[in-house]
Amino acid sequence: MATISDINRLGEHEGSTVLVRGWVLTVRTHGKVGFVVVRDGTGIVQCVVVQKQVSEQVWTDFQSLTQETSVYVTGSVRADARAPGGYELTLETLEIVGRSEDYPIQPKEHGVDFLLDHRHLWLRSQQQRAIMRVRNEVEQAIHDFFYDRGFTRIDTPILTGAIGEGGAGLFEVDYFDEKAYLAQTGQLYGEAAAAALGRIYCFGPTFRAEKSKTRRHLTEFWMVEPEVAWNDNDANMELQEQFVSYIVERALERCQEELKVLERDTSKLEPVKPPFPRLDYGDAVKLLQEQGNEITWGDDLGAPDETVIGNMHDRPVFIVNYPKAAKAFYMKENPADPRTVLCNDLIAPEGYGEII
Numbered sequence: 007m008a009t010i011s012d013i014n015r016l017g018e019h020e021g022s023t024v025l026v027r028g029w030v031l032t033v034r035t036h037g038k039v040g041f042v043v044v045r046d047g048t049g050i051v052q053c054v055v056v057q058k059q060v061s062e063q064v065w066t067d068f069q070s071l072t073q074e075t076s077v078y079v080t081g082s083v084r085a086d087a088r089a090p091g092g093y094e095l096t097l098e099t100l101e102i103v104g105r106s107e108d109y110p111i112q113p114k115e116h117g118v119d120f121l122l123d124h125r126h127l128w129l130r131s132q133q134q135r136a137i138m139r140v141r142n143e144v145e146q147a148i149h150d151f152f153y154d155r156g157f158t159r160i161d162t163p164i165l166t167g168a169i170g171e172g173g174a175g176l177f178e179v180d181y182f183d184e185k186a187y188l189a190q191t192g193q194l195y196g197e198a199a200a201a202a203l204g205r206i207y208c209f210g211p212t213f214r215a216e217k218s219k220t221r222r223h224l225t226e227f228w229m230v231e232p233e234v235a236w237n238d239n240d241a242n243m244e245l246q247e248q249f250v251s252y253i254v255e256r257a258l259e260r261c262q263e264e265l266k267v268l269e270r271d272t273s274k275l276e277p278v279k280p281p282f283p284r285l286d287y288g289d290a291v292k293l294l295q296e297q298g299n300e301i302t303w304g305d306d307l308g309a310p311d312e313t314v315i316g317n318m319h320d321r322p323v324f325i326v327n328y329p330k331a332a333k334a335f336y337m338k339e340n341p342a343d344p345r346t347v348l349c350n351d352l353i354a355p356e357g358y359g360e361i362i
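Count along the sequence shown from 1, then add 6; that gives the number in our numbering.
Okay, structure coming up:
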């Protein structure tokens, strides 16, 4: 009986016969030799079908294959440097589990509206699979980073009566004849938990009722919020730069194939290592003024300002010591300049702007 194998582990079975379960990606025929590329969620493999080496039924079934038909494929594993993943199967048996009829997403350009209408199928595309794998690795890295540093994860409410900092753009829901809101932040709960546990973080969905078509303003996104009881601003920045560089390094190490699929220029991620530059707010204003910006001291930095500052650096940059009037009331006054507070924003290059 053939061993069942995930595609990404075929190398462990070189020279043996295995059973692969997956979905048909592409099919082509060259005379009496056929090729079917199968994916199973862990990778893709090309299966070579030689007409004279398989039964008539297998050859007939092969010729009838359509995109996204689910199949059982049995074959012997052999190394081939030209093949995706370095291995391919010489197909021996083929069983059609579920035939795909009129699959709507073809290998051509489709509009975003069309793809969103078929979102459940779009997820099967190579790029969408790569995005989900990178996101999965980033989320796991977040948990590993904080766990290894003694943080406790807490889960904060999604339905809440508490309003976070700012309080704008709330999704209001009827909660048994009372008002409740979809959470904008776990901040208030996190601060209370930090007084109990010392070092905590929460990580979950966040909702903002803001009408916007920019990538900076999503109505739903996931946010990580650490709270540390005894950190000063310098220790806070050290934690932030360690965190961001850890996530980037982890993605570069474990998501190379996915980043290639997404055509991500990884050379721009490689310099993301601590220490990150520290730029005083006043110096940032001067730099912006030199670029022709009409900003004056005391103004908060907008998205275009952050883009200009971020693009001056090859890694994230801290902007520190903002004016007191531009920040929340609870931020600690800067003893060196009472007009400012001890705080920071972390600005990423490539136009991403504020990330922390």
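We put the beta carbon where it would ideally sit given N, CA and C, even for glycine.
Terminal residues of the alpha helix (DSSP H) in which residue i lies
| i | result |
| --- | --- |
| Phe249 | Asn239 to Arg260 |
| Gln69 | Glu62 to Gln69 |
| Gln295 | Tyr287 to Glu296 |
| Phe151 | Gln132 to Asp154 |
| Glu312 | Ala309 to Gly316 |
| Asp123 | Val118 to Asp123 |
Residue i: first and last residue of the uninterrupted beta strand (DSSP E) it sits in
| i | result |
| --- | --- |
| Lys185 | Glu184 to Leu188 |
| Gly81 | Ser76 to Ala85 |
| Tyr109 | Premise fails: Tyr109 is in no beta strand (DSSP E) and is neither H nor E. |
| Gly210 | Arg205 to Phe213 |
| Glu178 | Glu178 to Tyr181 |
| Val54 | Ile50 to Val56 |
| Ile325 | Val323 to Val326 |
Reduced DSSP secondary structure (H/G/I, E/B, other) of residue i
| i | result |
| --- | --- |
| Ile10 | strand |
| Pro1 | Outside the shown range of the chain (7 to 362) lies residue 1, about which nothing can therefore be said. |
| His36 | strand |
| Trp228 | strand |
| Glu354 | Correcting the residue type first, residue 354 is Ala in the shown sequence and not Glu. Looking at Ala354 - three-state DSSP - the assignment turns out to be strand. |
| Thr272 | helix |
| Gly28 | strand |
| Gly359 | strand |
| Arg15 | helix |
| Leu348 | coil |
| Val267 | helix |
| Glu197 | helix |
| Leu127 | helix |
Close Cβ partners of residue i (< 6 Å) along its chain, the five nearest in sequence each way excluded
| i | result |
| --- | --- |
| Asn239 | Leu348 |
| Gly167 | Ala186 |
| Thr162 | Gly192, Tyr195 and Cys208 |
| Arg105 | Thr75 |
| Glu98 | Thr80 and Gly81 |
| Leu188 | Phe177 and Phe213 |
| Ile164 | Ala189 |
Outcome for residue i when other beta-carbon atoms lying within 10 angstroms are tallied against a minimum of 16
| i | result |
| --- | --- |
| Phe4 | Because residue 4 is not part of the residues shown, which for the chain are 7 to 362, the question remains open. |
| Gly304 | exposed |
| Ser251 | buried |
| Phe236 | Before going further, note that residue 236 is Trp rather than Phe in the sequence given. Answer is exposed; the Cβ neighbour count stays below 16. |
| Ala354 | buried |
| Gly308 | exposed |
| Ile13 | buried |
| Gly49 | buried |
| Tyr287 | buried |
| Trp65 | buried |
| Ile372 | The chain is shown from 7 up to 362; residue 372 falls before or after that span and cannot be answered. |
| Val179 | exposed |
| Leu100 | buried |
| Ala147 | buried |
| Gln63 | exposed |
| Ser70 | exposed |
| Ile361 | exposed |
| Gly17 | exposed |
| Gly359 | buried |
Near the ligand SAH: residue i beta-carbon under 8 Å from a heavy atom
| i | result |
| --- | --- |
| Asn317 | Summarising the ligand content, the structure contains no ligands, and the ligand SAH is consequently not present. |
Close beta carbons around residue i, own chain, < 8 Å, minus the five adjacent residues each side
| i | result |
| --- | --- |
| Ala200 | Ile206, Glu233, Val234 and Ala235 |
| Glu20 | Val83, Arg84, Ala85 and Tyr93 |
| Glu356 | Lys274, Gly316 and Asn317 |
| Glu231 | Thr191, Gly192, Gln193, Gly196, Tyr207, Cys208 and Phe209 |
| Thr72 | Val30, Val33, Arg105, Ser106, Glu107 and Tyr109 |
Neighbourhood of residue i by C-beta, 7 Å cutoff - its chain only, sequence neighbours within 5 removed
| i | result |
| --- | --- |
| Lys292 | none |
| Ala331 | Gly304 |
| Pro281 | Glu247 |
| His124 | Pro110 and Ile111 |
C-beta neighbour in chain B for residue i, strict 9 Å
| i | result |
| --- | --- |
| Leu16 | Absent from the structure: chain B. Only one protein chain is present. |
With three or more C-beta pairs closer than 8 Å as the rule, is the region 320-330 touching the region 348-358? Flag = yes, the region 348-358 and the region 320-330 touch.
How do the region 73-86 and the region 14-32 stand: do at least 3 beta-carbon pairs fall below 8 Å, yes or no? Yes: at least three Cβ pairs fall under 8 Å.
Count the CB pairs spanning the region 311-323 and the region 285-302 that are closer than 8 Å, and state whether there are at least three. Judged by Cβ distances under 8 Å, the region 311-323 makes contact with the region 285-302, as three or more pairs qualify.
Would you say the region 48-56 touches the region 94-108, given that touching needs at least three Cβ pairs under 8 Å? The count of Cβ pairs closer than 8 Å, one atom from the region 48-56 and one from the region 94-108, reaches three, so the stretches are in contact.
Count the C-beta pairs between the region 252-262 and the region 131-143 that are closer than 8 Å, then say yes if the count reaches three, no if not. Judged by Cβ distances under 8 Å, the region 252-262 makes contact with the region 131-143, as three or more pairs qualify.
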